[in-house]
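Everything in the sequence shown is counted per the numbering used here, starting at 4 for the first residue and increasing by one.
Remarks on the structure that follows.
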Amino acid sequence: MTTTEPAPVLPVALLLCWVVITMLLWAMAFYQAPEATPEWLLRAQSACFGTSETGLPDTYGWMVLAMGPLSFLAGLLVAMGHEVRQGVTAMLSSRGGQALALVALSSLVIEGIWVTGRIDAGLEVATATYAFEAPDGLPLDYPRLNTKAATFSLTDQHGAQISPESMGDRAVFLTFAFAHCKTVCPVILTNVLQAAAKYPAEKVKVLVVTLDPWRDTPRALPALAEHWGLEDNAHVLSGPVDDVLATLDQYNVPRQRDEKTGDVTHPALVYLLDGEGQIAYAFNNPNVDWLSAAVDRVLKPASLAADHNR
């Protein structure tokens with residue numbers, strides 16, 4: 004009497020575990036965090052995969068997503084290739100096994116479609132151009148506002164309380180952004196920081212008030228400042244939700260928040276404060292040259308001359 008050798012269970016179980024772990028890994032990498040996402044998950048996502056301005060993983064993240072699953076699968080096939088084939092064949096010979104395989108395959112297809120959509124959206128951001136509407140220099144007759152800057156006190160990445168008054172007589176770029184913004188914010192922050200970098204740190208400061216105080220809490224600001232590459236002359240600010248929202252309202256920042264995802268639609272608004280408690284200029288999506296020209300008009304000529312002679 005011939006006895007049938009039982010199909011190996013462990014290799015099939017390991018193969019199914021590989022499928023599940025791979026799906027979880029890719030889901031975590033492309034997950035768009037809603038407002039209620041725990042901070043530990045956001046930190047884990049950032050540490051494991053990184054995030055570019057497109058919302059896609061960085062180079063290291065792509066390596067993790069590709070090499071991690073492939074190396075596990077290669078090791079499994081090298082060590083237990085024959086047993087895996089036996090187990091899969093046996094599984095597919097039963098209706099229950101066929102159903103399990105169908106569920107696994109369907110899940111992979113569904114997640115593949117979802118990931119493809121996320122990648123396409125990221126590539127659209129990467130290829131989009133945020134061209135400034137008026138590439139010429141700042142017009143001589145560009146309106147200077149000279150309106151009083153509203154006061155506020157918010158916490159920066161160092162835990163210090165920052166207000167317009169604490170900037171003293173320096174020119175200050177005041178703009179608004181948030182960590183999960185992948186379109187407008189990276190562009191306007193780059194322009195503001197490049198413009199500020201043209202001047203001595205003791206002459207020009209940058210204040211960035213978060214548009215998302217629910218997720219950009221004071222505890223999250225150090226990592227956010229590092230991600231944005233903020234130097235010593237730049238401060239990202241947050242605080243109690245009501246205080247941040249009041250600040251945004253005081254500066255007439257138009258915005259619309261998606262309650263499900265926490266994302267905020269907003270313009271690329273930049274104010275330049277003149278160091279005397281006044282809003283000198285207001286811009287929407289300014290380029291670096293415009294911002295630099297505005298600073299030149301705000302700073303005293305004698306101060307500029309002294310700096311250039313150093």
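All residues carry an ideal CB built from backbone N, CA and C; glycine is no exception.
(message) For a quick check, are the C-beta atoms of Q2 and T268 less than 7 Å apart?
(response) Because the chain is modelled from 4 through 313, residue 2 falls outside the range shown and cannot be assessed.
* To do: Leaving aside the five residues before and after D159 along the sequence, list all residues of the same chain whose C-beta is less than 6 Å from its C-beta, in chain order.
  => Taking the sequence shown and counting its residues from 1, the one referred to as residue 159 is at position 156. By the criterion of a C-beta distance shorter than 6 Å, D159 is surrounded in its chain by I165, H238 and L240, once the five residues flanking it on both sides are discounted.
Span separating the alpha-carbon of K206 from that of A152 = Against the sequence shown, residue 206 aligns to sequence position 203. Against the sequence shown, residue 152 aligns to sequence position 149. Distance between the alpha carbons of K206 and A152 is about 18 Å.
Which one of L28, M66, P11 and Q101 has the shortest CA to CA distance from H85? Numbered from its first residue, the sequence shown carries residue 85 at position 82. For H85, the nearest C-alpha among the options comes from P11.
task = Report, in whole angstroms, the separation of the C-beta atoms of A107 and V22, which I expect to be a contact under 8 Å.
result = Looking up residue 107 in the sequence shown gives position 104. Looking up residue 22 in the sequence shown gives position 19. Right, their Cβ atoms sit about 5 Å apart.
Report the rounded CA-to-CA distance for F286 versus F155, giving the unit in angstroms. Stepping through the sequence shown from its first residue, residue 286 is reached at position 283. Stepping through the sequence shown from its first residue, residue 155 is reached at position 152. Per the coordinates, the alpha-carbon of F286 lies some 20 Å from the alpha-carbon of F155.
Closest by C-alpha distance to P216, when choosing among F179, A296 and L111:
If you number the sequence shown from 1, residue 216 lands on position 213. Minimum Cα distance to P216 is reached at F179.
Span of the beta strand (DSSP E) around Y254: Locating residue 254 in the sequence shown gives position 251, where the first residue counts as 1. Per DSSP, Y254 belongs to no beta strand (DSSP E) and is neither H nor E.
key: Cβ-based burial, L294 [other Cβ within 10 Å; buried from 16]   = Position 291 of the sequence shown holds residue 294. Under this definition L294 is a buried residue.
**Request:** Compare the beta carbon distance of R173 and A283 with 7 Å and say whether it is the shorter of the two.
**Result:** Against the sequence shown, residue 173 aligns to sequence position 170. Against the sequence shown, residue 283 aligns to sequence position 280. Taking 7 Å as the cut-off, the Cβ atoms of R173 and A283 do not count as close.
Suppose contacts are defined by Cβ-Cβ distances below 7 Å. Is L177 in contact with G242 by that definition?
The residue you call residue 177 lines up with position 174 of the sequence shown. The residue you call residue 242 lines up with position 239 of the sequence shown. No, the Cβ-Cβ distance between L177 and G242 is not below 7 Å.
| message | The beta strand (DSSP E) that contains Y284, what's its start and end? | response | As a position in the sequence shown, residue 284 is number 281, starting the count at 1. Where Y284 is concerned, the enclosing beta strand (DSSP E) stretches over Q281 to N287.
#### Entry: Cβ-based burial, Q197 [other Cβ within 10 Å; buried from 16]
If you number the sequence shown from 1, residue 197 lands on position 194. Per the 10 Å Cβ criterion, exposed.
Are the CB atoms of M94 and V15 within a distance shorter than 7 Å?
Along the sequence shown, read from residue 1 onward, the residue named residue 15 stands at position 12. Along the sequence shown, read from residue 1 onward, the residue named residue 94 stands at position 91. Inclusion of V15 and M94 in the CB contact set at 7 Å is warranted, their separation being smaller than that value.
- Task: Pull up the distance between the alpha-carbon of G90 and that of V118, whole angstroms please.
- Result: Within the sequence shown, the letter at position 87 stands for residue 90. Within the sequence shown, the letter at position 115 stands for residue 118. So the alpha carbons of these two residues sit roughly 30 Å apart.
message = Suppose only complete runs of 3+ residues qualify. What are the beta strand (DSSP E) ranges in the segment 114-196, listed by chain order?
response = Within the segment 114-196, the complete beta strand (DSSP E) runs of at least 3 residues fall at 174-180.
Exercise. Rounded to whole angstroms, how far is the Cβ of N194 from the Cβ of V291, which I believe are closer than 8 Å?
Worked result: Against the sequence shown, residue 194 aligns to sequence position 191. Against the sequence shown, residue 291 aligns to sequence position 288. Separation of the CB atoms of N194 and V291 is rounded to 5 Å, and the pair is thereby assigned contact status at 8 Å.
**Message:** Mapping the DSSP letters down to three states, classify R222 as helix, strand or coil.
**Reply:** Taking the first residue of the sequence shown as position 1, residue 222 is located at position 219. Helix.
**Asked** Which class does V112 belong to by DSSP, given the choice of helix, strand or coil?
**Response** The count along the sequence shown starts at 1 and reaches residue 112 at position 109. In the structure shown, V112 sits in a helix (DSSP, three-state: H, G or I).
Query raised in the report: Which one or two residues does DSSP pair with Q48 in a beta bridge?
Result: Here residue 48 is taken as the residue at index 45 of the sequence shown, counted from 1. Paired residue(s): none; Q48 is not in a bridge.
Practice prompt. Work out the CA separation of A30 and S110 for me, nearest whole Å.
Written response: Against the sequence shown, residue 110 aligns to sequence position 107. Against the sequence shown, residue 30 aligns to sequence position 27. Taking the straight line from one Cα to the other gives about 12 Å.
Fill in: Pairwise C-alpha distance: I116 and V209
Numbered from 1 along the sequence shown, position 206 holds the residue referred to as residue 209. Numbered from 1 along the sequence shown, position 113 holds the residue referred to as residue 116. Roughly 41 Å separates the two Cα atoms.
Problem - CB contact flag (N236, A271, <7 Å) - result: Residue numbering aside, residue 236 sits at position 233 when the sequence shown is read from its first letter. Residue numbering aside, residue 271 sits at position 268 when the sequence shown is read from its first letter. Taking 7 Å as the Cβ cut-off, N236 and A271 do not qualify as a contacting pair.
request  = Please state whether DSSP places Y63 in a helix, a strand or coil.
outcome  = Counting from 1 along the sequence shown, the entry for residue 63 is found at position 60. Of the three classes helix, strand and coil, the one that applies to Y63 here is helix, per DSSP.
**Item:** With 16 other Cβ atoms within 10 Å as the buried cut-off, status of K263
**Value:** Start at 1 with the first residue of the sequence shown, and residue 263 comes out as number 260. It is exposed - the Cβ of K263 has fewer than 16 other Cβ atoms within 10 Å.
query = Which same chain residues, not among the five before or five after A201, have their C-beta less than 6 Å away from its C-beta?
reply = Taking the first residue of the sequence shown as position 1, residue 201 is located at position 198. The identity of residue 201 in the sequence shown is Lys, whereas the question assumes Ala. Answer for K201: S295, listed in chain order.
- Per-residue DSSP class, three states only, for V267: Counted from its first residue, the sequence shown places residue 267 at position 264. Here V267 sits in strand by DSSP.
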